[in-house]
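Undergrad: Would you mind keeping the following structure in view while I ask a few things?
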Amino acid sequence: MPPGILRASLKIAIAILVLSAAVLTAPAQTALARLPRVSIAGQDYVRLEDWARGVSLQPKWLSKGELQITSKWSRVVFTVDQRKISLNGVNVWLSAPVAARHGSLHVTPVDVTTVLQPVLFPKKLRAGQRVQNIVIDAGHGGKDPGNQEGREQEKKYTLLLAKELAGQLAKAGFKPSITRNSDSFIELPNRSDLARRRGADLFLSLHFNSGGRTSEETRGVEVYCLTPAKTSSTNARGEGASAGSSAGNLQNDKNMLLAHQMQKSIVTRTGLADRGVRRARFAVLRAAEMPAVLIEGGFMSSPSEARKIYDPDWRKQMAAAIVDGVKSYQKQVEP
Ligand SMILES: [Zn+2]
């Protein structure tokens, strides 16, 4: 075949590929664009049942103020006035509460595009992109001990977990590396920059939580991804809706998909309580140009969880759960 014809048929083949990819993701977006906006408490909302039907999901009332939408593969439950939803068995915090108006439930368009669509209709990576190179960030280090409970310091256990995780990821065929291999201090933005220079496909920042005071009630796992521009965060410091866009916001949909798979895997495999996928403008997430999450793997302030965090066998189990989270993310996004 003459090179000209070969080039032309290649171009056609690529055009068909691009078109079919567009057709696959378009319905979710057109459905949202067509919906009328309703202003509630000064914010734009859309009617949940209309959006669900537009993307072929079945709405059903479970009780007054509680709406479920389902497909063959998915189940989402929304409760009036709450930011927390149940999304395929995992809790996820929306940026604004579910609102009732004229007997219907409403959500904000930004929660549709940055929470529901990325998880229910995951987009594939571009051809040639893979999930291979994973940079693990061992939280804190050096002069920054992180949380301190008695004589135990968070920085020691994030490094131990990072090393265990790197070993398991390598065994599973990935290419892992760690931001620090010893008790050294690295500035926060430099950690994401290191990931960029190493050509990371994913960035996983490892931390352990503290409830402020020792309490059995405050326990469980939280996985954070970056707050979308102009929406409010979930964390207690709760940066408001005024904050603009950062580098990490280019990955909003992948960030949420990764956080969701990770939360699901950790909750299922470790039995830690599900405190939900949350969003915050942490410095390492703002600066990460690749899909990135920050894992708070239990509370050092809870005596029963602290015992687990300090136990090498339990950390093995935690690392295995994180590897599984990476694998299920990979399955959703690799073409
Ligand atoms: Zn920390």
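Start counting at 1 in the sequence shown, then tack on 173, and there's your number in the working numbering. Cβ coordinates follow ideal geometry from the N, Cα and C atoms, glycine included. Here the structure is a predicted model, which is why all the values come from computation and not from measurement.
Report buried or exposed for ASN354, applying the criterion of at least 16 other Cβ atoms within 10 angstroms of its Cβ.
TA: Here the question's residue 354 lines up with position 181 in the sequence shown. With fewer than 16 other Cβ atoms within 10 Å, it is exposed.
Undergrad: Using the beta-carbon count (16 or more within 10 Å), is LYS344 buried or exposed?
TA: Position 171 of the sequence shown, counted from the first residue, corresponds to residue 344. Exposed is the call here.
Undergrad: Could you tell me the alpha carbon to alpha carbon distance between THR404 and GLN255, rounded to whole angstroms?
TA: Numbered from its first residue, the sequence shown carries residue 404 at position 231. Numbered from its first residue, the sequence shown carries residue 255 at position 82. The alpha-carbon atoms of THR404 and GLN255 are separated by roughly 16 Å.
Undergrad: Roughly how many whole angstroms lie between the Cα atoms of SER475 and LYS348?
TA: Along the sequence shown, read from residue 1 onward, the residue named residue 475 stands at position 302. Along the sequence shown, read from residue 1 onward, the residue named residue 348 stands at position 175. Between SER475 and LYS348, the C-alpha separation is close to 34 Å.
Undergrad: Identify which residue in LEU293, ASP284 and LYS336 has its Cα closest to the Cα of ARG488.
TA: Locating residue 488 in the sequence shown gives position 315, counting from the first residue. Checking every option, the nearest Cα to that of ARG488 belongs to LYS336.
Undergrad: Do you know how far the Cα of VAL283 is from the Cα of GLY356?
TA: By 1-based counting over the sequence shown, the position of residue 356 is 183. By 1-based counting over the sequence shown, the position of residue 283 is 110. Reading the sequence as shown, one finds Asp at residue 356 and not Gly. Roughly 40 Å separates the two Cα atoms.
Undergrad: So, does the stretch 454-467 touch the stretch 270-278, judging by three or more C-beta pairs under 8 Å?
TA: No contact exists between the stretch 454-467 and the stretch 270-278.
Undergrad: Return helix, strand or coil for TYR330, following the three-state DSSP convention.
TA: Residue 330 sits at position 157 when you count from the first residue of the sequence shown. Here TYR330 sits in helix by DSSP.
Undergrad: I'd like to confirm the pairing. Which residues does DSSP put opposite GLY372 in its beta bridges?
TA: By 1-based counting over the sequence shown, the position of residue 372 is 199. Its beta-bridge partners do not exist; DSSP assigns none.
Undergrad: Taking the C-alpha atoms as reference points, what is the distance between SER212 and TYR218?
TA: Reading the sequence shown from its first residue, position 39 is the one you call residue 212. Reading the sequence shown from its first residue, position 45 is the one you call residue 218. Taking the straight line from one Cα to the other gives about 6 Å.
Undergrad: I need the straight-line Cα distance from GLN436 to LEU375, nearest angstrom please.
TA: Position 263 of the sequence shown, counted from the first residue, corresponds to residue 436. Position 202 of the sequence shown, counted from the first residue, corresponds to residue 375. When rounded, the distance between both Cα atoms is 16 Å.
Undergrad: At what residues does the alpha helix (DSSP H) containing TRP246 begin and finish?
TA: Position 73 of the sequence shown, counted from the first residue, corresponds to residue 246. Unbroken run through TRP246: none, as it is neither H nor E.
Undergrad: Flag GLU395 as yes when its Cβ comes closer than 7 Å to any non-hydrogen atom of ligand 1, and as no otherwise.
TA: Mapped onto the sequence shown, residue 395 falls at position 222. Checking every heavy atom of ligand 1 against the Cβ of GLU395, none is found closer than 7 Å.
Undergrad: For ligand 1, is there any heavy atom lying closer than 7 Å to the beta carbon of ASN320?
TA: By one-based count along the sequence shown, residue 320 stands at place 147. ASN320: yes, Cβ under 7 Å from ligand 1.
Undergrad: Closer than 7 Å to a non-hydrogen atom of ligand 1 - does that hold for the CB of HIS279?
TA: Within the sequence shown, the letter at position 106 stands for residue 279. It does not: the Cβ of HIS279 is nowhere closer than 7 Å to a heavy atom of ligand 1.
Undergrad: What are the boundary residues of the alpha helix (DSSP H) that HIS279 is part of?
TA: By one-based count along the sequence shown, residue 279 stands at place 106. Element bounds for HIS279: not the alpha helix (DSSP H) but the beta strand (DSSP E), 277-280.
Undergrad: Sorted by chain position, which residues of the same chain lie with C-beta nearer than 6 Å to ASN264's C-beta, five sequence neighbours on each side aside?
TA: Indexing the sequence shown from 1 puts residue 264 at position 91. Contacts found: LYS257, ASP447 and GLY449.
Undergrad: According to DSSP, which residues form a beta bridge with VAL466?
TA: One-based indexing of the sequence shown puts residue 466 at position 293. According to DSSP, VAL466 bridges with LEU377.
Undergrad: Out of ALA420, GLU395, ASN382 and ARG324, point me to the one whose CA is closest to ARG369's CA.
TA: The count along the sequence shown starts at 1 and reaches residue 369 at position 196. The shortest C-alpha separation from ARG369 is found at ALA420.
Undergrad: With a cut-off of 8 Å, do at least 3 Cβ pairs link the stretch 467-485 to the stretch 328-342?
TA: With a cut-off of 8 Å, the stretch 328-342 and the stretch 467-485 count as touching, because enough Cβ pairs lie within range.
Undergrad: Kindly indicate which three-state DSSP category ARG303 falls into: helix, strand or coil?
TA: Within the sequence shown, numbered from 1, the residue matching residue 303 stands at position 130. DSSP places ARG303 in coil when its eight states are reduced to three.
Undergrad: Can you have a look at GLU511 and say buried or exposed, based on whether 16 or more other CB atoms are within 10 angstroms of its CB?
TA: Because the chain here runs from 174 to 508, residue 511 falls outside it and cannot be looked at.
Undergrad: Suppose you measure from the CA of ALA272 to the CA of ILE242; what does that come to, to the nearest Å?
TA: On the sequence shown, residue 272 is found 99 positions in, with the first residue counted as 1. On the sequence shown, residue 242 is found 69 positions in, with the first residue counted as 1. ALA272 and ILE242: Cα-Cα distance of roughly 16 Å.
Undergrad: Just verifying my parser: in three-state terms, what is the DSSP assignment at GLN241?
TA: The sequence position of residue 241 within the sequence shown is 68, counting from 1. It is a strand residue.
Undergrad: If you follow the alpha helix (DSSP H) that VAL228 is part of, which residue opens it and which one closes it?
TA: To locate residue 228, count along the sequence shown from 1; it is residue 55. Here VAL228 belongs to no alpha helix (DSSP H), and DSSP marks it neither H nor E.
Undergrad: Quick one, which of ASP497, ASP486, VAL396 and LEU361 has its alpha-carbon nearest GLY315's?
TA: Numbered from 1 along the sequence shown, position 142 holds the residue referred to as residue 315. Residue LEU361 is the option with its Cα nearest to GLY315.
Undergrad: Does the beta carbon of LYS257 come closer than 8 Å to any beta carbon on chain B?
TA: Absent from the structure is chain B; it holds one protein chain and no more.
Undergrad: Starting from the Cα of SER236, find the closest Cα among VAL253, LEU467, SER229 and ALA416 and give me that residue.
TA: Taking the sequence shown and counting its residues from 1, the one referred to as residue 236 is at position 63. With distances taken between Cα atoms, SER236 lies closest to VAL253.
Undergrad: On a Cα-Cα basis, can you pick out the residue from ARG303, GLY215, TRP246 and PRO464 that is closest to THR400?
TA: Numbered from its first residue, the sequence shown carries residue 400 at position 227. The shortest Cα separation from THR400 among ARG303, GLY215, TRP246 and PRO464 belongs to PRO464.
Undergrad: If you drop the 5 nearest sequence neighbours on each side, which residues of the same chain put their C-beta closer than 7 Å to that of GLN503?
TA: Residue 503 sits at position 330 when you count from the first residue of the sequence shown. Taken in chain order, the residues that qualify are VAL304.
Undergrad: Considering ALA272, what are the terminal residues of the beta strand (DSSP E) in which it resides?
TA: Taking the sequence shown and counting its residues from 1, the one referred to as residue 272 is at position 99. Start and end: 272-274.
Undergrad: Can you find the residues in the same chain that come closer than 6 Å, C-beta to C-beta, to ALA195, ignoring five residues on each side of it along the sequence?
TA: On the sequence shown, position 22 is the one that residue 195 refers to. Residue confidence is low: ALA195 scores 48 on pLDDT, short of 50, so the model does not pin down where it sits. Its coordinate-derived value is still stated next. None.
Undergrad: Could you pull the DSSP bridge partners for ILE539 from this structure?
TA: This structure cannot speak to residue 539, because the chain is shown only from 174 to 508.
Undergrad: Does the Cβ-Cβ distance between ILE495 and LEU338 come in under 8 Å?
TA: Taking the first residue of the sequence shown as position 1, residue 495 is located at position 322. Taking the first residue of the sequence shown as position 1, residue 338 is located at position 165. Going by C-beta atoms, ILE495 is nearer than 8 Å to LEU338.
Undergrad: Leaving aside the five residues before and after GLY384 along the sequence, list all residues of the same chain whose C-beta is less than 6 Å from its C-beta, in chain order.
TA: In the sequence shown, residue 384 corresponds to position 211, counting from 1. So the list reads THR391, PHE472 and SER474, once near-sequence residues are dropped.
Undergrad: Run through DSSP, which three-state label would ASN261 get?
TA: Taking the first residue of the sequence shown as position 1, residue 261 is located at position 88. Coil, per DSSP.
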